[in-house]
Amino acid sequence: MAQAAERAKPADKAKRAKSRGVAAKAVSNQPGLPKEQLLRGYRDMLLIRRFEEKAGQLYGMGLIGGFCHLYIGQEAVVVGIQMALGEGDEVITSYRDHGHMLATGMEARGVMAELTGREGGYSRGKGGSMHMFSKERNFFGGHGIVGAQVSLGTGLAFSNAYRGNDRVSVTYFGDGASSQGQVFESFNLAALMKLPCIYVIENNKYGMGTSVERATASHDLSQNGAPWGIPGVQVDGMDVEAMHAAAEIAVAHCRAGKGPYLLEVKTYRYRGHSMSDPARYRSREEVQKMRTERDCIEGARHRLEGLGVDEAAFKAIDDEVKRIVQDSADFAQSSPEPDPSQLWTDILVER
Amino acid sequence: MTVILMPALSPTMTEGKLSRWLKNVGDTIKAGDVLAEIETDKATMEVEAVDEGTLARILVAEGTEGVAVNTPIAELAGEDGSVSVAPLPVAVAPVAAAVVAVAPAAKALPEDRDWGPSAPLTVREALRDAMAIEMRADGDVFLMGEEVAQYQGAYKISQGLLDEFGPKRVIDTPITEHGFAGMAVGAAMNGLKPIVEFMTFNFAMQAMDHIINSAAKTLYMSGGQMGCPIVFRGPNGAASRVAAQHSQCYASWYGHVPGLKVVAPWSSADAKGLLRAAIRDPNPVIFLENEILYGQTFECPTDPDFVLPIGKAKVERVGTHVTLVAFSIMVGVAMKAAEALAEQGIEAEVINLRTLRPLDIDTVVASVKKTNRIVTVEEGWPYAGIGAEVNMQVIEQCFDWLDAPPVRVHGADVPLPYAANLEKLALPQADWVVAAVRRIV
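Chains as they are written, first to last, in the working numbering: chain A, 1 to 351; chain B, 1001 to 1441.
Structure (structure tokens):
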């Protein structure tokens, strides 16, 4: 996706993040993005939303099997952060990964075709929803074991430090994964070695069906890296501009060689943990309230309207997104299943 | 007009009850609106609209049970009429005829050759030299682990490497196997070639998830995009009097996993030649050393290009009456047994497997076709062990050549005890091998 053409001024509140071990609240609605960039962010968020809705539909039709974790509601997180990244920066995440892939510029066709287990998928149908990769877009998966991507992402940062380039790696994980032992092992390693790693805790309030309050005694996940001196801030994950502003600070910190940085993003998933989750652990009112009052796409649209974007412009974006998503769904159904010979390929690199 | 179909709401759902409609005919539907409640095999779920329009017709009344997945349940009139009918799902047919999946034959492996003059070398020095040579040749190769740098290695395998390569490439880690193994795998996915030293493989159990799920499976799950060129090495199996938690052989654990290569050297030549090959290999390689062997001296080729092929066994001793198959420290035990047997007029052929995965079964089978008898020797437990695998493959491939049932010599099926006498009773000795051979020859 488009790189940030101009760097937005970070929200003042977020600047406090520099102070070690202090909970700096970067929750902010302060203006940050110029119109064109915000419009691009709006488009990217809408693409993820429509893509996920379509994936949910194809799942319902039996075209997608197994587990399928939708990202609906959390779109501002990846879109805001991606806008602050540069060419070559790496991204790695968990199994709720469709949005991250689209944000890194991977093609909707290849992602959707992987969901349907077809030859045209990013893993040629052998990985599925939770296991997709793109070397070209520096997307390192797509990992099905909760928390594993945190150590792996730390390794991506290690490779950048080893090579002495100025790339940063973004490691996403959920509030559920934040209790995994290897997350704390990774914090220690990254701080010890001053690795350029941005840890992003996407706190959507529930690890599957267990609320964050019932899962951790830490009341402020942004401070989970504090014992190692990792600066951390809380960010409003329903606001793409706040996300972008916080990411700018985190990226600058890492690129400057100051070591890792932690963002705890307050976000919300509208759908269940996976397709088969009836979500009885929260009320319909809670979901509805977030959807109507805090939706990231509606919020961005409102801001854009204030900046003078007219209905025709929104309609054009809408149409473009619809076209891309429909094309991906068509491709995902017309691409052939992998040839039976594929069963035996890619087990080892043959030389 | 868009047809709304009965959705599958779980991986196992084939039908469900349409409990309640939350929208009426004529209602305007926006994406995300809850249309209906459906009872699945697991729970009651809400169905949200994907397409927008007006609810034109309800095709399945609420309260209907046993509605098959993909049955049309309602029709939606499009806002602009341009929305196409959602394609009816085509059930993906299972492969018509039962196809027995057959793995393609392994490629021919490069032959070991005569490397010319040799000199005495300890296994410890051989391992160090192999790492040093490969690190000189390739800047992407680095060593990390507990005590590998300033301490010069818990077992002094990395002696001198910090001095030559500096702290950037010889890295002391905290005691954090899960974390540093994952970090190394991530670095390998991004193109570096880490050598991860586990102080012993007993501690690698803490890192098992990254070795199996992250390192071994990613190439396959990425459709061949994301490889993992990494070596996990360290001592495996029993040392001496360190009891159960520090004395386990993991050969069959790792040998079980597609996506890994598993190497278990015995001599200095094995150690040097195979470690160099492992570091150059683009796949994750488990390199199982043995603490007791570290200090032992063997002849090792002095040729600077000396390297051995992974996946090729070595006939250490030629014989005609029985085939002894062993790996790692048990090769020495088998050799000692062969000498004792020779005094009794029995000529044993001893095969050093060198690699456990891919297994060089051809060399074993060729030998058994000559000797018609096989005894496997391993330090690990018998259940689902390497001996079980080797013997089963022999039965599959040359049953008619066998003149006696295959025999396994193995460690006692108990956690390894501390007491000196009990420990000795639990680990295979040369006389166990002699006795096993005498049963079938």
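All residues carry an ideal CB built from backbone N, CA and C; glycine is no exception.
Short of 7 angstroms in beta carbon distance, which residues of its chain neighbour residue i, apart from the five on each side in sequence? Order them along the chain.
| i | result |
| --- | --- |
| B/A1132 | L1161 and E1164 |
| A/G353 | Chain A is shown only over 1 to 351; residue 353 of chain A falls outside these bounds and no answer can be derived. |
| B/K1424 | none |
| B/M1205 | none |
| B/P1194 | F1142, M1144, A1184, A1187, A1188 and I1230 |
| B/E1015 | G1066, V1067, A1068 and V1069 |
| B/W1381 | H1410, G1411 and D1413 |
| B/E1052 | I1029, K1030, A1031 and E1079 |
For residue i, which residues in the same chain have their Cβ closer than 8 angstroms to its Cβ, ignoring the five residues on either side in sequence?
| i | result |
| --- | --- |
| B/S1019 | A1036, E1037, I1038, E1039, T1044, E1062 and G1063 |
| B/P1405 | I1440 |
| A/W344 | none |
| B/V1414 | A1426 |
| A/A191 | G225, W228, G229, I230, G259 and P260 |
State buried or exposed for residue i, treating a residue as buried only when at least 16 other CB atoms are found within 10 Å of its CB.
| i | result |
| --- | --- |
| A/T93 | buried |
| B/D1403 | exposed |
| B/Y1383 | exposed |
| A/T104 | buried |
| A/F158 | buried |
| B/F1399 | exposed |
| B/K1030 | exposed |
| A/H273 | buried |
| B/K1312 | buried |
| B/A1217 | As written in the sequence, residue 1217 of chain B is Lys, which differs from the Ala given in the question. By the neighbour-count rule (16 or more Cβ atoms within 10 Å), B/K1217 is buried. |
| A/L221 | buried |
| B/M1392 | exposed |
| B/L1422 | exposed |
| B/H1178 | buried |
| A/R269 | buried |
Measure the Cβ-Cβ separation of residue i and residue j and say whether it is below 8 angstroms.
| i | j | result |
| --- | --- | --- |
| B/A1412 | B/A1426 | yes |
| B/V1231 | B/L1356 | no |
| B/E1291 | B/A1326 | no |
| B/I1279 | B/E1046 | no |
| A/D339 | A/G299 | no |
| B/V1375 | B/V1437 | yes |
| B/G1319 | B/E1349 | yes |
| B/L1293 | B/W1266 | yes |
| A/A148 | B/H1210 | yes |
| A/I201 | A/E264 | yes |
| B/T942 | B/V1315 | Lying before the first or after the last residue shown, residue 942 of chain B is absent from chain B, which here runs from 1001 to 1441. |
| A/G155 | B/G1182 | yes |
| A/P196 | A/A245 | no |
| A/S271 | A/L102 | According to the sequence provided, residue 271 of chain A is Arg. The question's Ser does not apply to it. It is not a contact, given that the beta carbons lie outside the stated cut-off. |
| B/A1137 | B/E1299 | no |
| A/F331 | A/G120 | yes |
| B/G1259 | A/L348 | yes |
Within the same chain, show all residues whose beta-carbon is closer than 6 angstroms to that of residue i, passing over the 5 residues directly before and after it, in chain order.
| i | result |
| --- | --- |
| A/G181 | none |
| B/D1033 | A1049 |
| A/L58 | I64 |
| A/G117 | G125 |
| A/H253 | Y261 |
| A/K35 | L307 |
| B/A1435 | none |
| B/K1336 | A1430 |
| B/T1323 | E1349, S1367, V1368, T1371 and I1374 |
Assuming residue i and residue j are in contact, meaning their beta carbons sit under 8 angstroms apart, how far apart are those beta carbons, in whole angstroms?
| i | j | result |
| --- | --- | --- |
| B/A1264 | B/L1353 | 7 angstroms |
| A/F139 | A/H100 | 7 angstroms |
| A/R167 | A/G88 | 5 angstroms |
| A/Q74 | A/T267 | 5 angstroms |
| A/E241 | A/L33 | 5 angstroms |
| B/T1122 | B/G1295 | 6 angstroms |
| A/E185 | B/T1176 | 4 angstroms |
| A/M130 | A/F67 | 6 angstroms |
| A/M132 | A/G141 | 7 angstroms |
Please list the partners that residue i has in chain C, where partner means a Cβ-to-Cβ separation under 8 angstroms.
| i | result |
| --- | --- |
| A/L192 | No chain C appears in this structure, whose protein chains are A and B. |
Practice item. Examine the Cβ distances between the region 70-87 of chain A and the region 38-56 of chain A and report whether three or more of them are shorter than 8 angstroms. Key: yes
Check your understanding: Are the region 110-126 of chain A and the region 289-296 of chain A touching by the rule of at least three beta carbon pairs closer than 8 angstroms?
Key -> no
Check your understanding: Touching or not, the region 156-172 of chain A and the region 115-129 of chain A, by the rule of three or more beta carbon pairs under 8 angstroms?
Key -> no
Check your understanding: Below 8 angstroms, can you find three or more Cβ-Cβ pairs linking the region 1162-1181 of chain B to the region 1144-1153 of chain B?
Key -> yes
Check your understanding: Is the region 1231-1242 of chain B close to the region 1282-1296 of chain B, with three or more CB pairs under 8 angstroms?
Key -> yes
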